[in-house]
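Written below as structure tokens is the structure these notes are about.
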Amino acid sequence: GAGVSQTPSNKVTEKGKYVELRCDPISGHTALYWYRQSLGQGPEFLIYFQGTGAADDSGLPNDRFFAVRPEGSVSTLKIQRTERGDSAVYLCASSLSGSYNSPLHFGNGTRLTVT
Amino acid sequence: AQRVTQPEKLLSVFKGAPVELKCNYSYSGSPELFWYVQYSRQRLQLLLRHISRESIKGFTADLNKGETSFHLKKPFAQEEDSAMYYCALKASGSRLTFGEGTQLTVNP
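If you want it as structure tokens, here you go:
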């Protein structure tokens, strides 16, 4: 079956612009995660959804970052007033329930470049 | 706060040689430890988790609470094992904390 899908795969934007990154999780997965991976680093947690609600948003770096999952399926990560330091690969993952026995399934990521 | 350390960014071995990828963690509670792998041009995927005590693709990892380590081992490396390996820890809640990763290259 289809895995986690992320669009676009690449996004180039100018400093100060607004961007939206989309994640389509595996059908039926209630848990959804956003991670950010900078060059040479491991993935860094941003936010976790259980259903429609953000169960843990403590990883969002500042109020320029916001994410939604209005119907408990597709999620959108929104970044306002982008800065060059936001350049990274943004990874989305989903799991069946968010519990230990529910492994994370990752998407291919969106590579964001802020010029 | 939890932290995962992978001291080697790069590791190179010859085919058939043993390989050990090191992972150390800091966490005051009982952690859940994982190894994730990313092959070239593929997405990040789960390799194994400590509680399952499983061997996947010949790899094993033992949680050593005394040394706070979760090293990944394989007795005979294969060229197809070349990939980026990430150690990850799940403390409280559902978030994973990843190490910086080790790029393993298995030479013919």
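Residue numbers (the working numbering), protein chains in the order written: chain E, 1 to 115; chain F, 1001 to 1108.
From the three backbone atoms N, C-alpha and C, an ideal C-beta is built for every residue, glycine too.
Inter-residue Cα distance where the pair is leucine 1021 (chain F) and serine 1092 (chain F) = Here residue 1021 (chain F) is taken as the residue at index 21 of the second sequence, counted from 1. Here residue 1092 (chain F) is taken as the residue at index 92 of the second sequence, counted from 1. Those two C-alpha atoms are separated by around 25 angstroms.
Assumed close pair leucine 1011 (chain F), threonine 1102 (chain F) - CB separation to whole angstroms, cut-off 8 angstroms | As a working mapping, residue 1011 (chain F) is identified with position 11 in the second sequence. As a working mapping, residue 1102 (chain F) is identified with position 102 in the second sequence. Taking a contact as a CB-CB distance under 8 angstroms, the pair leucine 1011 (chain F) and threonine 1102 (chain F) counts as one, their CB atoms being some 5 angstroms apart.
Same chain only: Cβ atoms within 6 angstroms of lysine 1075 (chain F), ignoring 5 sequence neighbours per side = Within the second sequence, numbered from 1, the residue matching residue 1075 (chain F) stands at position 75. The residue you asked about is not lysine; residue 1075 (chain F) is proline in the sequence shown. Closer than 6 angstroms at Cβ, skipping near neighbours: Pro1018.
Following the continuous beta strand (DSSP E) through alanine 1083 (chain F), name the residue where it begins and the one where it ends.
-> Locating residue 1083 (chain F) in the second sequence gives position 83, where the first residue counts as 1. Note, alanine 1083 (chain F): beta strand (DSSP E), 1083 to 1090.
Looking at the C-beta of tyrosine 90 (chain E), does it have a partner C-beta in chain F at a distance below 7 angstroms?
-> As a working mapping, residue 90 (chain E) is identified with position 90 in the first sequence. False, the Cβ-Cβ gap to chain F never drops below 7 angstroms.
Name the chain E residues whose beta carbon is nearer than 7 angstroms to that of glycine 1093 (chain F)?
-> Within the second sequence, the letter at position 93 stands for residue 1093 (chain F). Within 7 angstroms Cβ-Cβ: Asp56.
At 7 angstroms on the CB atoms, spell out the chain E contacts of phenylalanine 977 (chain F), in chain order.
-> Beyond the ends of chain F as shown, which are 1001 and 1108, falls residue 977 (chain F); an answer cannot be given.
What residues in the segment 1075 to 1088 of chain F bring their beta carbon closer than 7 angstroms to a beta carbon of chain E?
-> If the cut-off is 7 angstroms between Cβ atoms, the segment 1075 to 1088 of chain F has Tyr1086 near chain E.
Buried or exposed (CB count within 10 angstroms, at least 16 for buried), proline 70 (chain E) = In the first sequence, counting from the first residue as 1, residue 70 (chain E) sits at position 70. Under this definition proline 70 (chain E) is an exposed residue.
Taking all protein chains shown into account, decide if proline 1031 (chain F) is buried (16 or more other Cβ within 10 angstroms of its Cβ) or exposed.
-> Start at 1 with the first residue of the second sequence, and residue 1031 (chain F) comes out as number 31. That one is buried.
Can you list, in chain order, the residues of the segment 26 to 37 of chain E whose Cβ is nearer than 9 angstroms to any Cβ on chain F?
-> Within the segment 26 to 37 of chain E, the residues whose Cβ lies closer than 9 angstroms to any Cβ of chain F are, in chain order, Ala31, Tyr33, Tyr35, Gln37.
Bridge partners of alanine 67 (chain E), per DSSP?
-> If you number the first sequence from 1, residue 67 (chain E) lands on position 67. For alanine 67 (chain E), which the question treats as bridged, DSSP gives the partners E:Leu77.
Glutamate 1032 (chain F) bridges to which residues according to DSSP?
-> Numbered from 1 along the second sequence, position 32 holds the residue referred to as residue 1032 (chain F). Paired residues: F:Lys1090.
Which listed residue (E:Phe66, E:Leu91, E:Pro8, E:Val4) has its alpha carbon closest to that of threonine 30 (chain E) | In the first sequence, residue 30 (chain E) corresponds to position 30, counting from 1. Sorting E:Phe66, E:Leu91, E:Pro8, E:Val4 by C-alpha distance to the C-alpha of threonine 30 (chain E) places E:Val4 at the top.
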